[in-house]
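Colleague: So the sequence lines, in the order shown, correspond to chains A and B.
Basically the numbering used here = 1-based index in the first sequence + 106.
Basically the numbering used here = 1-based index in the second sequence + 197.
By construction, the Cβ of each residue, glycine as well, lies at the ideal position given by its N, Cα and C atoms.
Just so you know, these numbers come straight off a predicted model, no measurement behind them.
This is the structure I have questions about; it appears just below.
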Amino acid sequence: MFDYLNEHSEVRAMRRHHFGTAKLAAVAVATALSLSALTACGGGGSGGSGSSGALEMWTFKQSHVAGLQAAAADFEKSAGVKVKIEAYTPDDAFATKIQSSAKTGDLPDVMETHSDGEDLGFGASGIAAELTSVVNDAWLARYPETVRTSGYVDAAKFKESQDDGSKMHGVKQGARHSVPFTIGTFGIVYANKKMLTDAGIARPPATWAEFVEALKATHAKDAKNGGLALGLKVPDTGITWLAQPLAYSMLGRSGYEALFGKDKAANWSSPNGVKVLQAYDQVTPYWMPGTQTLGIDEADQAFAQGKAAWLVGGTFTLAFLGQNGMKPDDVYAFGLPGDAAGKVPDPALGPLALTSLILSATSKQPENAKKWMEYLSQPEVAAKFSKASTDLPATELGAESSSIVGPALASLLDSFKGTPEGTYDPRRREFFPPGYKQDKAGAILVDMSPLKKVTPEQTGQKLTELTESFWATSQ
Amino acid sequence: MTTPETAERRTVSGGESRRTPSGAPPRRRRIRTEAVSGYLFVAPAVILFSVMGLYTIGYGFALSFAHWNGFTPTWKWVGLDNYADLLWRDPVYAPPVQAAALNTLWVMIFVPLLTVAVSFPLAVLLNQVRRLQGVLRSIYFVPYVTSGIAVYFAWRYILQPEGAINFLLGTLGLGSLQEPQGWLGNPDTALATLIVVIVWGNVPVAMLLYLTGLQSINPSVLEAAQLDGAGWWRTNVSVIWPLLMPLTGINVLLNLRESLHGFQTFLVMTNGGPAQHTNVLGLEAYRLAFLENLNPTLGLASALGWMLFVVAIVLALINLRVLRSRV
Chain A
107 MFDYLNEHSE VRAMRRHHFG TAKLAAVAVA TALSLSALTA CGGGGSGGSG
157 SSGALEMWTF KQSHVAGLQA AAADFEKSAG VKVKIEAYTP DDAFATKIQS
207 SAKTGDLPDV METHSDGEDL GFGASGIAAE LTSVVNDAWL ARYPETVRTS
257 GYVDAAKFKE SQDDGSKMHG VKQGARHSVP FTIGTFGIVY ANKKMLTDAG
307 IARPPATWAE FVEALKATHA KDAKNGGLAL GLKVPDTGIT WLAQPLAYSM
357 LGRSGYEALF GKDKAANWSS PNGVKVLQAY DQVTPYWMPG TQTLGIDEAD
407 QAFAQGKAAW LVGGTFTLAF LGQNGMKPDD VYAFGLPGDA AGKVPDPALG
457 PLALTSLILS ATSKQPENAK KWMEYLSQPE VAAKFSKAST DLPATELGAE
507 SSSIVGPALA SLLDSFKGTP EGTYDPRRRE FFPPGYKQDK AGAILVDMSP
557 LKKVTPEQTG QKLTELTESF WATSQ
Chain B
198 MTTPETAERR TVSGGESRRT PSGAPPRRRR IRTEAVSGYL FVAPAVILFS
248 VMGLYTIGYG FALSFAHWNG FTPTWKWVGL DNYADLLWRD PVYAPPVQAA
298 ALNTLWVMIF VPLLTVAVSF PLAVLLNQVR RLQGVLRSIY FVPYVTSGIA
348 VYFAWRYILQ PEGAINFLLG TLGLGSLQEP QGWLGNPDTA LATLIVVIVW
398 GNVPVAMLLY LTGLQSINPS VLEAAQLDGA GWWRTNVSVI WPLLMPLTGI
448 NVLLNLRESL HGFQTFLVMT NGGPAQHTNV LGLEAYRLAF LENLNPTLGL
498 ASALGWMLFV VAIVLALINL RVLRSRV
């Protein structure tokens with residue numbers, strides 16, 4: 107009996123031992139799994155390139171992908187380095203993608219970003235490498251003088267960066283964090299040729315008054331589809347692309363810059379400011395229904411689909427329209443017409459660097475990445491890219507540029523031509539209060555047009571209050 | 198009779214002969230082993246919570262007292278400035294937060310109210326259906342399982358000027374009710390429309406909770422009410438509704454929390470527009486954190502998040518107190 111009992115208890119003890127071992131093993135596995143999960147969360151990414159050896163490049167412009175891929179194929183043949191191109195859209199998604207990838211060490215080698223703001227912000231944050239020693243004079247000479255300083259921290263940008271609230275806070279004077287890639291400007295009007303013809307309009311409007319009359323005509327012909335489209339869901343488009351060039355034309359440089367100043371006799375709430383807002387308000391009856399709910403791409407798509415007769419965008423819009431099935435020959439494209447009675451009746455629109463290339467500070471192949479960036483700046487490569495993407499490269503294409511980029515883009519190049527005083531230059535920001543945010547001003551303007559919630563006088567007052575708040579914060 | 202178990206118990210509790218080589222009795226050793234394995238089992242969860250929970254909570258709280266953009270090597274400590282700037286002091290940041298707070302308040306009032314107002318009658322009716330109850334329950338649950346980015350985009354198309362709602366109104370001869378700028382394009386209808394979309398997404402869970410409550414009510418209670426002469430309406434209002442009050446409390450609390458913190462519907466459908474008329478606090482916090490293009494506003498976002506947290510705690514406590522006083 108006791109033998110049986112002893113034997114039985116030994117078996118149980120063995121079982122317990124086995125159970126204990128299994129339990130400990132299970133605990134070990136669970137711990138290992140959870141720790142590996144933590145390790146995975148902790149990053150350790152490849153930081154571009156990866157194991158494949160190919161360079162990685164990200165862009166936020168879907169319309170640039172084909173041109174970049176073609177250039178990458180040629181680059182592989184000539185330099186033996188493969189480049190993988192990926193697009194992340196829209197802009198906000200791209201910005202958050204870069205920020206999260208920077209945290210997890212998964213940045214690509216090269217990125218195409220917005221110029222003169224985002225690029226320097228990435229430089230200040232250590233995401234973009236410093237390029238001063240790389241970008242030599244021969245490389246810079248390929249760009250027009252007006253955009254050569256893009257990506258470079260000159261005295262004015264350094265001063266702007268000194269503000270605690272600046273996204274560039276921390277950049278060093280004399281540093282370069284990007285090179286320009288595409289140029290262009292805002293305030294380009296696109297009009298559907300067929301719809302204009304149907305409304306009895308034979309040529310693009312030459313003045314603001316003609317523009318409003320033409321809008322009225324297309325709207326009268328087709329109230330549903332004859333209006334003006336603009337992606338006002340991004341509220342700064344209205345003020346940046348339409349109101350500011352108009353203000354420049356009406357008031358001239360000094361009057362325009364005074365709108366953002368502290369002098370109430372000259373800023374938005376002044377008679378000058380209200381006059382500009384009243385002129386802008388003239389388009390209110392002719393907006394495409396619901397344009398305030400559309401993003402930039404959605405407004406472009408609506409225009410391409412024939413839901414609007416007019417569209418305000420930039421030089422870069424032409425490529426997007428092409429992607430959505432609209433041929434360049436189907437549209438008139440021209441700079442925003444000026445006010446015939448204004449200080450600058452026929453304003454030119456100054457070109458600025460729109461997108462730039464940055465080199466990731468964590469790139470595993472910085473030398474190859476620099477070669478790729480330099481390769482993209484070569485005139486013949488830029489010309490091919492321009493044709494493939496229907497966009498204007500930052501690289502100067504020489505006297506033959508008009509024939510290289512085609513008639514549609516060439517007409518946009520014409521909108522750049524003007525005297526310094528007669529040119530609205532969107533690059534100039536030194537008269538804005540420090541930390542000024544266009545989206546907040548844009549939202550106020552949307553409240554007036556198209557929403558009709560406030561009058562031009564009230565809008566002027568609100569814009570002045572906003573500007574004053576930025577001036578006050580900066581003090 | 199001596200069973201093996203009692204024999205073992207005796208042996209284990211018995212004398213010195215069963216001591217381990219280290220001198221510890223087997224029972225104590227077993228307890229210790231079990232304790233160690235227990236600790237090891239909970240260790241992964243504790244480690245995960247320490248890293249993902251406590252660390253991030255502490256980090257976020259500290260961040261609410263600093264200016265930082267997420268990347269620069271140093272934080273700039275500003276004390277309570279972020280809180281003051283958001284609440285009243287900064288003329289740039291305070292006005293949008295105040296406007297967003299008002300919008301959030303409307304959402305917090307109407308989303309729980311409408312969700313309960315729709316889901317309770319729906320659950321009562323569904324509970325009385327004898328045929329196809331499972332199918333109907335699944336149909337009503339569809340909005341919950343399909344809610345997400347794609348559905349919000351679908352809603353946007355439906356609510357556009359040429360969308361299905363306007364088309365339907367026109368077809369029914371109710372053209373005067375059409376919204377020419379789209380239901381999200383008119384500031385007077387945009388917030389109300391978003392509230393309806395959120396309620397549409399929240400009703401299924403609320404309804405399911407009510408349905409479980411209804412099915413757990415003792416039928417004899419309802420029979421007693423009927424014997425006392427209570428009709429359908431009286432039974433629902435005076436018997437079922439009070440009995441389900443705890444579930445109403447849960448539904449209200451869940452919807453309040455969602456209304457206070459949720460922002461994805463607003464982000465996808467209007468991005469706070471038109472002209473910021475549908476901006477809410479959750480969306481404002483998200484923008485300050487991630488859409489300020491590397492401006493040093495992460496601290497402001499964190500401060501706003503903590504203020505939302507405090508409001509959520511206060512609401513939960515009030516809800517708890519109300520429930521206790523009713524039950």
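1) Determine, using beta-carbon pairs with one atom in the stretch 394–410 of chain B and one in the stretch 436–444 of chain B, whether at least three such pairs fall under 8 Å.
2) List the residues of chain B that Val552/A touches, going by C-beta distances under 9 Å, in chain order.
3) Short of 8 Å Cβ to Cβ, which residues in the stretch 214–232 of chain A face chain B?
4) Along chain A, in chain order, which residues have C-beta atoms closer than 7 Å to that of Asp287/B?
5) Just the Cα atoms here: how many angstroms apart are Ser507/A and Pro499/A?
6) How would you write the range of the alpha helix (DSSP H) that Pro318/B sits in, first residue to last?
7) How many angstroms separate the CA atom of Gly379/B from the CA atom of Ile244/B?
8) Excluding five sequence neighbours on each side, which residues of the same chain lie with their C-beta closer than 8 Å to the C-beta of Ser157/A?
9) Compare the C-beta of Asn492/B with all C-beta atoms of chain A and state if any pair is closer than 9 Å.
10) Anything in chain A within Cβ reach of Asn279/B, meaning under 8 Å, just list it in chain order.
11) Helix, strand or coil: which one does DSSP assign to Leu588/A?
12) Can you name the residues that DSSP bridges to His220/A?
13) Measuring only the C-alpha atoms, how far is Leu311/B from Asn363/B?
14) Between Leu463/A and Val285/A, is the Cβ-Cβ spacing less than 9 Å?
15) Would Asn300/B and His474/B qualify as a contact pair, given that the criterion is a beta-carbon distance under 9 Å?
16) Do you know offhand how far Val396/B's Cα is from Ile306/B's?
17) Using C-beta distances below 7 Å, list every residue in its chain close to Asp667/A, excluding the 5 sequence neighbours before and after it, in chain order.
18) Would Pro358/B pass as an interface residue toward chain A - the criterion being a Cβ-Cβ separation below 9 Å?
19) Determine the DSSP secondary structure at Leu286/A, reduced to helix, strand or coil.
20) Ile392/B and Val465/B - do their beta-carbons sit closer together than 9 Å?
21) Looking at the secondary structure, which residues open and close the alpha helix (DSSP H) in which Asn476/B lies?
22) Let me know the secondary structure DSSP gives Thr313/A once reduced to three states.
23) Please classify Val517/B as buried or exposed, where buried requires at least 16 other C-beta atoms within 10 Å of its C-beta.
24) Per DSSP, Pro196/A forms a beta bridge with which residues?
25) In whole angstroms, give me the CA-to-CA distance for Leu457/B and Gly396/A.
26) Checking 9 Å against the spacing of the C-beta atoms, do Phe268/B and Ser231/A come in under that value?
27) Considering only the beta carbon of each residue, do Pro453/A and Ser355/A sit closer than 9 Å?
28) Can you have a look at Thr303/A and say buried or exposed, based on whether 16 or more other CB atoms are within 10 angstroms of its CB?
29) By Cβ distance below 8 Å, which residues in the same chain neighbour Leu505/B in space, the five residues on each side in sequence not counted?
30) In angstroms with no decimal places, state the Cα-to-Cα distance between Leu514/B and Lys203/A.
31) Less than 7 Å between C-beta atoms, sequence neighbours within five positions excluded: which residues of the same chain meet that for Val389/A?
32) If you draw a straight line from the alpha carbon of Lys413/A to that of Gly332/A, how long is it in whole angstroms?
33) Any C-beta of chain B sitting closer than 9 Å to the C-beta of Ala201/A?
34) Helix, strand or coil for His264/B? Go by DSSP, reduced to three states.
35) Run through DSSP, which three-state label would Thr165/A get?
36) Excluding the 5 residues flanking Phe426/A on each side, which residues of the same chain have their C-beta closer than 6 Å to its C-beta?
Modeller: Quick answer:
1) yes
2) Gly470, Pro471, Ala472, Gln473
3) Gly223, Glu224, Gly227, Phe228, Ala230, Ser231, Gly232
4) Thr579
5) 10 Å
6) 291–325
7) 50 Å
8) Residue confidence for Ser157/A is low, a pLDDT of 47 falling below 50, so the modelled location carries little weight; the figure read from the coordinates is stated next. Cβ within range, chain order: n/a, list empty.
9) yes
10) The premise fails here: Asn279/B is roughly 12 Å from chain A at the closest Cβ pair, so nothing lies under 8 Å.
11) Beyond the ends of chain A as shown, which are 107 and 581, falls residue 588/A; an answer cannot be given.
12) Thr461/A
13) 23 Å
14) yes
15) yes
16) 12 Å
17) Any answer about residue 667/A is impossible in this case: the structure gives chain A only from 107 up to 581.
18) yes
19) According to the sequence as given, residue 286/A is Pro; it is not Leu. Of the three classes helix, strand and coil, the one that applies to Pro286/A here is strand, per DSSP.
20) no
21) From DSSP, Asn476/B is part of no alpha helix (DSSP H); its letter is neither H nor E.
22) strand
23) Strictly speaking, residue 517/B in this sequence is Leu, with Val absent from that position. Classification for Leu517/B: exposed.
24) DSSP, once it has assigned bridges, lists no residue as partnering Pro196/A.
25) 28 Å
26) yes
27) yes
28) exposed
29) Leu457, His458, Leu478, Gly479, Ala482
30) 38 Å
31) Val318, Leu321, Leu334, Ser555
32) 7 Å
33) yes
34) strand
35) strand
36) Ser169, Asp406
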